[in-house]
Structure formats: structure tokens, C-alpha cells
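Heads up: the structure comes next, in C-alpha cells.
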Amino acid sequence: MSAVASYDLELAAVRKVYDNHVVAVSNFDLRVDRGEFISFVGPSGCGKTTTLRMIAGFEAITSGDILIRDQRINDLPAERRPTSTIFQNFALFPHMTVRKNVEYGLAVKRMGAAERKRRVDGILEKFELTDVADRKTNGLSGGQRQRVALARGLVVEPQILLLDEPLGALDANLRKSIQNELKLLQRNLGITFIFVTHAQSEALVLSDRIVVMNRGEVEQVSPPIELYTRPKTPFVARFIGRNTIIDGTLAGVERGRGLVDTAYGRFTGVVNDPKLEIGTAASLVVPSEAIDIHAPTAPREPYAGNAITGRVLASDVVAHTRYLSLVLPDERELAVESHVSKYEEEFSDTVLICWSPDEGTIIAQGA
Ligand SMILES: Nc1ncnc2c1ncn2[C@@H]1O[C@H](COP(=O)(O)OP(=O)(O)O)[C@@H](O)[C@H]1O
Ligand SMILES: [Mg+2]
Numbered sequence: 020m021s022a023v024a025s026y027d028l029e030l031a032a033v034r035k036v037y038d039n040h041v042v043a044v045s046n047f048d049l050r051v052d053r054g055e056f057i058s059f060v061g062p063s064g065c066g067k068t069t070t071l072r073m074i075a076g077f078e079a080i081t082s083g084d085i086l087i088r089d090q091r092i093n094d095l096p097a098e099r100r101p102t103s104t105i106f107q108n109f110a111l112f113p114h115m116t117v118r119k120n121v122e123y124g125l126a127v128k129r130m131g132a133a134e135r136k137r138r139v140d141g142i143l144e145k146f147e148l149t150d151v152a153d154r155k156t157n158g159l160s161g162g163q164r165q166r167v168a169l170a171r172g173l174v175v176e177p178q179i180l181l182l183d184e185p186l187g188a189l190d191a192n193l194r195k196s197i198q199n200e201l202k203l204l205q206r207n208l209g210i211t212f213i214f215v216t217h218a219q220s221e222a223l224v225l226s227d228r229i230v231v232m233n234r235g236e237v238e239q240v241s242p243p244i245e246l247y248t249r250p251k252t253p254f255v256a257r258f259i260g261r262n263t264i265i266d267g268t269l270a271g272v273e274r275g276r277g278l279v280d281t282a283y284g285r286f287t288g289v290v291n292d293p294k295l296e297i298g299t300a301a302s303l304v305v306p307s308e309a310i311d312i313h314a315p316t317a318p319r320e321p322y323a324g325n326a327i328t329g330r331v332l333a334s335d336v337v338a339h340t341r342y343l344s345l346v347l348p349d350e351r352e353l354a355v356e357s358h359v360s361k362y363e364e365e366f367s368d369t370v371l372i373c374w375s376p377d378e379g380t381i382i383a384q385g386a
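For the sequence shown, counting from 1, position 19 maps to 38 in the working numbering; every step adds exactly one.
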């Protein structure tokens, strides 16, 4: 075996079929570098928790392989894996003290009493829990419970920390501040985090890379900015960010740029699917941030013709976002969200919406 492992964690064609024949996860491939912050996002029931539990060893895999630092761990019991899990709603022992909760993982590993106390004291200090060490966890605040859960997970010094919607139970303000703490903690520890959330905003802020899951399969694995600006599938285009999606047919490709014929004209964008063939159904995806709004007479050249006139049905401003509801030439209604600075002037009831060819992404149309 080489001295340096290829990946901290590797999932190869992992599949999970439950006894009731539900296919919870299939074809799951992922390679994670040491120290990466990876998030799993996707709608409820898409297989996030199942995947996390398979990595932790709480759930057997039906087929495929899981490797940690090149070692195949498919059959390794949970307590012998170098992972720790922070469960949804923390799953603390309510009638045990903070200290007992934190000590639990070390007791399972049969660590000697003196070393156990040293470690627990250290981590209680680190998470500012020393003062509440002898209190039962059911009397603690949400933030304190969160810190106990983290201390309990980290006291065993895992290589990989698995977190299942750990911020779900907290109110918005606390969530924000703990988000920041979590990111700092991960950077300082330098260990790999696998973070499950259904909140894309959380994943976009925290992650080095995001795995978008849908119906048990991986749709896309990308850094946040790429996921946001270059979706690869219709599901990702709908699930992440606020995209306008225009369906059409791929008419041609020139120098990486594709031309899509739509009901509103021929538009240009970046082709993000090498397998997409000319003449097949394609969608042009435009993030709301990329949309400029002009008077109908504005020049279209700067946008290489990427412009559609729309009749304004409604226009509302909330904070820095303008919500426009437009009617397009074919009577289809289109909702456009744009930064207020992009629509400063007073226009008549018709506007031109435009976007740069670099900011539109062309993908295969969904089934
Ligand atoms: N223990 C189980 N037995 C049978 N089916 C399960 C079990 N746990 C989860 N499932 C099913 O597997 C699918 C994925 O669930 P889960 O991994 O919990 O999704 P998520 O965490 O993304 O919400 C769902 O259809 C769910 O109903
Ligand atoms: Mg879940």
C-alpha cells in the first residue's frame, strides 16, 4: 500500500435496496479528498441519510464498495470505522449529563479512564461546555445541544465527520452563526466533513463541493459556483438557484457555444453536455443574476441576440431583488428575479430581458 492514500473516502457504484424493495441509492460514485467539505443535497427521500449511514456502517450496502484511505471497509463494523456521526436532531441521551454524553464514544472504544477524562475535559473546554458538564442535556438550549453533539462526535478524533442535517432544529439566527463556526472548525481540524442538508443555501455557503442527489442517484458533483452557474441536468437547474429555463432544439455548436432554437428566437449559450447532439431537444438555462432588463428599444448586439420582449404583468421589489412577472410573445408567463440595480429606469409596460451568451447554459432536455 502506498504511503499516501489516493482518497480519504471513495464510494464506487454503491447501491442500497431495503428489505421492502425500495431502491434508496444506486450508482453512487464519489471520491473525496482529505479535508474536503462535501455536502449532499436533494429533496426528502432522495437517499442522503441512507448514503451517510452506509459510510458510517449503520446500514449494510447491497452492492458496490466503500473505501477509506484505500482500505475497503464494506464489512467493517461501525465502531471500528474512523468516522463519527452527528445525527439529525443530535440524538443526545437526554437523561445523561453533558460529560457522559461526550464520553460515550470513548467508553464504546474501551479507552482507559485517565485518558478518557483528559480527552473529555479538553473537548468540553474547546466547546465552552465546562460549566454545564454536569447538567443533563434535556435542559440545554439549542446552541448548547449542538455543541454537545459536535463535542461527542469529535472527541474520538475521527478522520471523517458525518453530519445529518445538524442545523435543521435550530432557529435562523443561531443557524447562521453555527454555520460559520462549523466552517472554521472544519478548516482548523483539517478533517473531511460529509454534511447532509436539504437547504441548498447552507450547502452553497459551506461546501468545497456539493453532491446533488435525486431519486437515489447522483445528478451532479461540483463546487458551489459551478453548480450555480453551470447546471448539468434539468433537475439541478430547477433545484439549485433561481433559473429561467427555455426549451428548444440544439441548432448548432461553434467554438463551445451552442445555438438553441426556441419559440422566442435563436439564442446562444455554453454547451454543458458533450453528448448533446445537434437536432435534439435542449434547454437553455439562465440564472436570474445573469438577466439584465432594458427598454424594448435597447441594442441587442452586446447580448449576441439573447433578448426576449415581455409584457410586464407585475413588478415588485423585496430588499434588493425585483420580482418581475412577464408575458412572453407566445403568452407563456415568465417569472424573472433580478437585482434592483438592473431595472432602475421607469419603463412602459414592455421590457427587454437580455443575458450574455457566456451566462446561459445549454443542457439536454429532461424526460
Ligand atoms: N429503514 C428503511 N427501510 C425501508 N425503506 C427506507 C428505510 N430508510 C429509508 N427508506 C427509504 O429509502 C429512501 C431514501 O430515504 P433517506 O435515505 O432517508 O432519504 P433522505 O435522507 O434523502 O430524506 C426513501 O424512499 C425512504 O422511504
Ligand atoms: Mg434524511
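Note that beta-carbon positions come from the ideal geometry of N, C-alpha and C, so glycine has one too.
CB of residue i within 9 Å of CB of residue j, strictly
| i | j | result |
| --- | --- | --- |
| residue 269 | residue 279 | yes |
| residue 357 | residue 323 | no |
| residue 385 | residue 305 | no |
| residue 155 | residue 117 | yes |
| residue 57 | residue 230 | yes |
| residue 174 | residue 142 | yes |
| residue 210 | residue 277 | no |
| residue 191 | residue 60 | no |
| residue 196 | residue 261 | no |
| residue 85 | residue 34 | no |
| residue 204 | residue 74 | no |
| residue 70 | residue 95 | no |
| residue 281 | residue 265 | yes |
| residue 248 | residue 239 | no |
| residue 330 | residue 368 | yes |
| residue 32 | residue 82 | yes |
| residue 52 | residue 26 | yes |
| residue 292 | residue 383 | yes |
| residue 208 | residue 165 | no |
Rounded distance between the beta-carbons of residue j and residue i, thought under 8 Å
| i | j | result |
| --- | --- | --- |
| residue 186 | residue 170 | The pair is not a contact, with the Cβ atoms about 16 Å apart (cut-off 8 Å). |
| residue 122 | residue 137 | About 11 Å; that fails the 8 Å criterion. |
Exposure label - residue i; buried when at least 16 CB within 10 Å
| i | result |
| --- | --- |
| residue 237 | buried |
| residue 126 | exposed |
| residue 172 | buried |
| residue 267 | buried |
| residue 66 | buried |
| residue 20 | Low confidence applies to residue 20: its pLDDT is 48, below 50, so where it sits in the model is not reliable, and the reading given next is rough at best. Answer is exposed; the Cβ neighbour count stays below 16. |
| residue 287 | buried |
| residue 76 | buried |
| residue 120 | buried |
| residue 359 | exposed |
| residue 228 | buried |
| residue 235 | buried |
| residue 109 | buried |
| residue 250 | buried |
| residue 220 | exposed |
| residue 370 | buried |
| residue 326 | buried |
| residue 105 | buried |
| residue 68 | buried |
| residue 132 | exposed |
| residue 39 | exposed |
| residue 338 | exposed |
| residue 37 | exposed |
Minimum C-alpha distance to residue i - residue among the options
| i | options | result |
| --- | --- | --- |
| residue 346 | 252, 325 and 372 | 372 |
| residue 328 | 339, 310, 35 and 337 | 310 |
| residue 275 | 258, 257 and 297 | 297 |
| residue 90 | 46, 23, 43 and 123 | 23 |
| residue 295 | 284, 285 and 271 | 271 |
| residue 87 | 28, 105, 136 and 99 | 28 |
| residue 128 | 151, 84, 107 and 176 | 176 |
| residue 11 | 333, 339, 179 and 159 | Only positions 20 to 386 of the chain appear in the structure, and residue 11 is not among them; the question remains open. |
| residue 333 | 319, 349 and 354 | 354 |
| residue 158 | 202, 123, 198 and 111 | 111 |
| residue 103 | 164, 257 and 183 | 183 |
| residue 189 | 291, 318, 161 and 348 | 161 |
| residue 41 | 64, 232, 137 and 349 | 64 |
| residue 352 | 263, 62, 131 and 300 | 263 |
| residue 226 | 232, 233 and 242 | 242 |
| residue 313 | 38, 343, 130 and 198 | 343 |
| residue 62 | 315, 215 and 97 | 215 |
| residue 377 | 336, 150, 289 and 300 | 289 |
| residue 124 | 139, 113 and 114 | 139 |
| residue 100 | 72, 206, 337 and 114 | 72 |
| residue 130 | 299, 98, 150 and 50 | 98 |
| residue 303 | 316, 284, 45 and 315 | 284 |
| residue 114 | 93, 107, 152 and 92 | 152 |
Report task. Scan the segment 277 to 345 and note each continuous alpha helix (DSSP H) run of 4 residues or more that stays entirely inside, going in chain order. Result -> none
Query raised in the report: Hey, which unbroken runs of the alpha helix (DSSP H) at 4 residues or more fall wholly within the segment 136 to 211?
Result: 161 to 173 and 191 to 208
Requested in this report: Could you name each continuous beta strand (DSSP E) segment of 3 residues or more that falls completely within the segment 59 to 91, going from the start of the chain to the end?
Outcome: 82 to 87
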